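Numbering (our numbering), first residue to last: 277 to 638.
The block underneath contains the structure these notes are about, expressed in structure tokens.
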DNA sequence: AACGCGTGGAC
DNA sequence: TGTCCAAGCGT
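Shown next as structure tokens:
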């Protein structure tokens, strides 16, 4: 096996026993107190791992507490309405995480009596549980010596072992998984995995790592050569495409406001928003005509309220927000409806449209 | 394999 | 302001 040879080459002369001891002792001493570390409940570990995907600890904490209050058990989450789950996820981003999580929890309740599987293959079949999350649940909740390789782990090990592979490539993650199988503590795989991540979060940070405080400094090849800020190697992503929109706050004669639900798949799936005219396809002169074609309503545009910019990971919405009133016609749109202004807060909205709420004066 | 998928914080 | 990022996954 090619990868096995590389693993021997990289970690062959590395003192893994010493590394395990230093890492685990440091983690035991210096780990943060976090809500999902109160116990080893697999359900809580699972929720926390999904929420923490691409998301900072400080952001997750209040969402985690609220989520566990609303859905304390797998059964509670399985029985909940999907819109209620999305509302609890509102603002966290990557909303398919929430839908996949609920689908997977429903599967666990139906097939496994609500017990999160401790079998790697069964666990990995669940929606939203990829290689990282699977290893995290197995090691943290079930004390199994499985790798949980995230961005922290790749950064830390790139430096400690001086691995110069591009961590943006999937094949690199597999190399690190192989290295973890070799390095992991069979005695305490949970503290080992969490220790690597905690070290990446607190000490071995991307920009200016605190090497002087690092518990494994004397083992770190990058530090020894003074190249810790050169690692890891990561190819850059391309920049976002800008899309202009006209977002409309449309009121009818009863002073209700028009909102619509986005499609069930894709960007911001199943969330709600104010109607938007895509100015990349329609010029401003034709906006009302386009609107009539789309919604069956003749509207008169009012004043321009504000501009809202929304930056996604892969694109940017630049929205001009304007008021509008209905002149005539009847609403003809599958996923749109008029609601009283005070009802709007009951629907899950993306952040960009939460910002628009604040411009509505009752 | 590369791309679609959110958001807010740090510098 | 721009850039990069933070406990990834699905397709």
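All C-beta atoms, glycine included, are put in the ideal place defined by N, C-alpha and C.
For clarity, every value in this text was computed on a predicted model and none was experimentally measured.
Coarse secondary structure for residue i, derived from DSSP in three states
{"i": "residue 397", "result": "helix"}
{"i": "residue 310", "result": "coil"}
{"i": "residue 387", "result": "helix"}
{"i": "residue 382", "result": "helix"}
{"i": "residue 554", "result": "strand"}
{"i": "residue 289", "result": "coil"}
{"i": "residue 451", "result": "helix"}
{"i": "residue 422", "result": "coil"}
{"i": "residue 511", "result": "coil"}
{"i": "residue 635", "result": "coil"}
{"i": "residue 410", "result": "helix"}
{"i": "residue 305", "result": "helix"}
{"i": "residue 585", "result": "strand"}
{"i": "residue 559", "result": "coil"}
{"i": "residue 329", "result": "coil"}
{"i": "residue 574", "result": "strand"}
{"i": "residue 626", "result": "coil"}
{"i": "residue 579", "result": "strand"}
Extent of the continuous beta strand (DSSP E) to which residue i belongs
{"i": "residue 537", "result": "533-537"}
{"i": "residue 612", "result": "612-615"}
{"i": "residue 598", "result": "591-605"}
Whole-Å CB distance - residue i paired with residue j, under 8 Å assumed
{"i": "residue 321", "j": "residue 413", "result": "6 Å"}
{"i": "residue 598", "j": "residue 581", "result": "6 Å"}
{"i": "residue 632", "j": "residue 553", "result": "14 Å between Cβ atoms; not a contact."}
{"i": "residue 600", "j": "residue 526", "result": "5 Å"}
{"i": "residue 340", "j": "residue 302", "result": "Going by Cβ atoms, the distance from residue 340 to residue 302 rounds to 24 Å, so no, they are not a contact pair."}
{"i": "residue 416", "j": "residue 316", "result": "7 Å"}
{"i": "residue 519", "j": "residue 566", "result": "Rounded, the Cβ-Cβ distance is 15 Å, inconsistent with contact."}
{"i": "residue 292", "j": "residue 459", "result": "5 Å"}
{"i": "residue 624", "j": "residue 403", "result": "That belief does not hold up - the Cβ atoms of residue 624 and residue 403 are roughly 20 Å apart, past 8 Å."}
{"i": "residue 535", "j": "residue 436", "result": "Not really, about 51 Å apart at Cβ, beyond 8 Å."}
Where residue i falls, given that 16 or more other Cβ within 10 Å makes a residue buried
{"i": "residue 410", "result": "buried"}
{"i": "residue 550", "result": "buried"}
{"i": "residue 422", "result": "buried"}
{"i": "residue 481", "result": "exposed"}
{"i": "residue 378", "result": "buried"}
{"i": "residue 638", "result": "Annotation note: pLDDT 46 at residue 638 (below 50); position unreliable, coordinate value reported separately. That one is exposed."}
{"i": "residue 344", "result": "buried"}
{"i": "residue 304", "result": "exposed"}
{"i": "residue 296", "result": "buried"}
{"i": "residue 564", "result": "buried"}
{"i": "residue 488", "result": "exposed"}
{"i": "residue 442", "result": "exposed"}
Closest Cα partner of residue i within the set the options
{"i": "residue 504", "options": "401, 386, 434, 536", "result": "434"}
{"i": "residue 495", "options": "366, 590, 358, 438", "result": "438"}
{"i": "residue 370", "options": "544, 605, 290", "result": "544"}
{"i": "residue 401", "options": "388, 632, 380", "result": "380"}
{"i": "residue 606", "options": "443, 575, 486", "result": "575"}
{"i": "residue 473", "options": "333, 337, 484, 519", "result": "333"}
{"i": "residue 471", "options": "488, 442, 432, 441", "result": "432"}
{"i": "residue 602", "options": "396, 329, 568", "result": "568"}
{"i": "residue 579", "options": "281, 486, 522", "result": "522"}
{"i": "residue 628", "options": "547, 577, 560", "result": "547"}
{"i": "residue 510", "options": "542, 499, 461, 449", "result": "449"}
{"i": "residue 508", "options": "445, 524, 539, 440", "result": "440"}
{"i": "residue 515", "options": "587, 486, 445", "result": "587"}
{"i": "residue 428", "options": "444, 625, 419", "result": "444"}
{"i": "residue 641", "options": "286, 298, 351, 289", "result": "Summary: the structure shown does not reach residue 641, with the chain confined to residues 277 through 638, and so no result is reported for it."}
{"i": "residue 430", "options": "572, 452, 446", "result": "452"}
{"i": "residue 280", "options": "456, 469, 570", "result": "456"}
{"i": "residue 541", "options": "375, 349, 387", "result": "375"}
{"i": "residue 355", "options": "384, 331, 436, 314", "result": "384"}
{"i": "residue 396", "options": "573, 372, 424", "result": "424"}
{"i": "residue 572", "options": "389, 611, 382, 591", "result": "611"}
{"i": "residue 464", "options": "325, 630, 300", "result": "300"}
{"i": "residue 626", "options": "407, 372, 466", "result": "372"}
{"i": "residue 349", "options": "389, 512, 329", "result": "389"}
Start-to-end residues for the alpha helix (DSSP H) that takes in residue i
{"i": "residue 569", "result": "563-571"}
{"i": "residue 521", "result": "No alpha helix (DSSP H) contains residue 521, which is instead part of the beta strand (DSSP E) from 517-527."}
{"i": "residue 432", "result": "427-436"}
{"i": "residue 469", "result": "465-478"}
{"i": "residue 315", "result": "From DSSP, residue 315 is part of no alpha helix (DSSP H); its letter is neither H nor E."}
{"i": "residue 489", "result": "Counting along the chain, residue 489 falls outside any alpha helix (DSSP H), and DSSP gives it neither H nor E."}
{"i": "residue 497", "result": "497-501"}
{"i": "residue 354", "result": "350-355"}
{"i": "residue 335", "result": "333-346"}
{"i": "residue 675", "result": "Outside the shown range of the chain (277 to 638) lies residue 675, about which nothing can therefore be said."}
Any non-hydrogen atom of the ligand GDP closer than 7 Å to residue i Cβ
{"i": "residue 531", "result": "Of the ligands one can find in the structure shown there are none, so the ligand GDP has no counterpart to examine."}
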